[in-house]
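In our numbering, the protein residues as written are 3 to 312.
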C-alpha cells in the first residue's frame, strides 16, 4: 500500500503578517524536502475543502460560520488574537487544511493508503471549540477524529501530539468523550500553559507528559517509549492520528527542548510499529508546529520516510 501526501497550494495563501513565525515558507520548506527521489513513491493528493458539516463535528456551527464569514481585503489582515491572524487567503487555507485531515482519514480507512501525511497550514491543535488561538483556526486533529467515527464507525480513536506546545484545543474538544484518547509530550512551563499531568480527561483518556526546559532526546524517547506508547497499546484504538509538530527541535526559536532529528525519526518509526500492532497500520499525521526552516524540513522528511517504511 502507498503512503499518501495531502497538500494544496491554497495553504500558502494564509498570511499572519511580516515577521510572524507561522509563515508560508514553513510549508514551502517541507514540500521542497519531499521533492527528492527518496519520496517519488508518495501518492500525492490535492487536499479538498472541508465541509461545514465536517467542521461542525468539532466546533459549534456558529463558530464555523463566524470564521468562514470573515472577509479580509487583499493585502490586509485581521488579528483574531495577538498571535492568530487571517488574510485574504486564510479561509481557503483553513478549509484545505481541515479537508486534508478528513481526506487522509478516508484514504487509510478505504485501504488504498496505509498511512498519510498532511503537509498543510494553518496548524490546528490550539484551536478550541469556539476560540481560535496559537496560530490555529480549526482543530484539524479533532475534526479528523470525529470524522472517522461519523463516517467509518470507528469507536476508539487516539490523537498523539509531539509538538513542543501542548495541544490545548485538541484535548479540550476530545477529553469529555471516552471514545477518544489524547496524549502529548510538551515543554512545561510554556505556552499555552495547559497540559499538566494531573489533567486526565473523563475516563483517564488524557495522558500528558510534561518535559522540563532543555530536556533532550533521552527524556523525549523515555516519555513516549515508557509511558505513552504502552498506554496506547493497552487502549487499542482503531486509528491513530498524529499531531506532528517539530518545534521540540533544538534549533527551534520558540522553545528550549533539545530534541534532534534522529529522535523524531525514532518516534515516527515507533508510532508506525504501534499502528501495525493495534490498528492494522492505519495512521494519519498532520503537520503542526516547527519554526526553524532547516530543522522543520529535515525532521518532516525523516517523519515521512518512517511513514513510508524506508
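Note that beta-carbon positions come from the ideal geometry of N, C-alpha and C, so glycine has one too.
Quiz item: Between the region 185-194 and the region 206-214, are three or more C-beta pairs nearer than 8 angstroms?
Solution: yes
Quiz item: For residue 5, which of helix, strand or coil comes out of DSSP?
Solution: Within the chain shown, numbered from 1, the residue matching residue 5 stands at position 3. If DSSP states are grouped into helix, strand and coil, residue 5 belongs with the strands.
Quiz item: DSSP state of residue 15, grouped into three classes?
Solution: Taking the first residue of the chain shown as 1, we reach residue 15 at position 13. Note: residue 15 maps to coil in three-state DSSP.
Self-check item: C-beta atoms of residue 178 and residue 144 nearer than 8 angstroms
Solution: Indexing the chain shown from 1 puts residue 178 at position 176. Indexing the chain shown from 1 puts residue 144 at position 142. Taking 8 angstroms as the Cβ cut-off, residue 178 and residue 144 do not qualify as a contacting pair.
Exercise. Let me know if residue 72 comes out buried or exposed under the rule of 16 or more other beta-carbons within 10 Å of its beta-carbon.
Key: Counting from one through the chain shown, the residue named residue 72 turns up at place 70. Counting Cβ neighbours within 10 Å, residue 72 comes out exposed, since fewer than 16 surround it.
Practice problem: Indicate the three-state DSSP secondary structure (helix, strand or coil) for residue 218 in the structure shown. | Solution: The residue given as residue 218 occupies position 216 in the chain shown. Correct three-state label for residue 218: strand.
Quiz item: Can you tell me whether DSSP reads residue 138 as helix, strand or coil?
Solution: Sequence index remark: in the chain shown, residue 138 carries index 136 (1-based). It is a strand residue.
Quiz item: In chain order, which continuous runs of the beta strand (DSSP E) of length 3 or greater are located wholly inside the region 135-213?
Solution: 159-163, 182-189 and 208-213
Quiz prompt | Neighbourhood of residue 13 by C-beta, 7 angstroms cutoff - its chain only, sequence neighbours within 5 removed | solution = The residue given as residue 13 occupies position 11 in the chain shown. 29, 95, 98, 99, 122 and 123.
Self-check item: Contacting residues, own chain, Cβ-Cβ under 8 angstroms from residue 305 (five flanking each side not counted)
Solution: Within the chain shown, residue 305 is the residue found at index 303, counting from 1. Hits under 8 angstroms: 119, 246, 248, 266, 267, 270 and 287.
Quiz item: Where does residue 48 fall in DSSP's three states?
Solution: On the chain shown, position 46 is the one that residue 48 refers to. Residue 48: strand per DSSP, three-state reduction.
Quiz item: If you count every other CB in all the chains shown that lies within 10 Å of the CB of residue 86, and 16 or more means buried, which is it?
Solution: Mapped onto the chain shown, residue 86 falls at position 84. Answer is buried; the Cβ neighbour count reaches 16.
Quiz item: Based on Cα-Cα distance, which residue from 152, 261, 295 and 128 lies nearest to residue 197?
Solution: Residue mapping note: residue 197 aligns to position 195 of the chain shown, counting from 1. Cα-wise, what sits closest to residue 197 is 128.
Exercise. Provide the residue span of the beta strand (DSSP E) that contains residue 246, from first to last.
Key: The sequence position of residue 246 within the chain shown is 244, counting from 1. Unbroken beta strand (DSSP E) run through residue 246: 241-246.
Quiz prompt | Buried or exposed by the 16-neighbour rule on C-beta atoms within 10 Å, applied to residue 323 | solution = Only positions 3 to 312 of the chain appear in the structure, and residue 323 is not among them; the question remains open.
Quiz item: Per DSSP, residue 288 is paired with what?
Solution: As a first step, residue 288 must be located in the chain shown, where it is residue number 286. Beta-bridge pairing links residue 288 to 120 and 245.
Quiz prompt | Proximity to residue 157 [Cα-Cα], best of 191, 180 and 47 | solution = Here the question's residue 157 lines up with position 155 in the chain shown. Among 191, 180 and 47, the Cα nearest to that of residue 157 is on 180.
Quiz prompt | Validate contact between the region 212-231 and the region 133-152 using beta carbons, cut 8 angstroms, 3 pairs | solution = no
Practice problem: Please report how far the alpha carbon of residue 310 lies from the alpha carbon of residue 117, in whole angstroms. | Solution: In the chain shown, counting from the first residue as 1, residue 310 sits at position 308. In the chain shown, counting from the first residue as 1, residue 117 sits at position 115. Whole-angstrom Cα-Cα distance: 8 angstroms.
Quiz item: How is residue 233 classed by DSSP in three states: helix, strand or coil?
Solution: As a working note, residue 233 is residue 231 in the chain shown. Helix, per DSSP.
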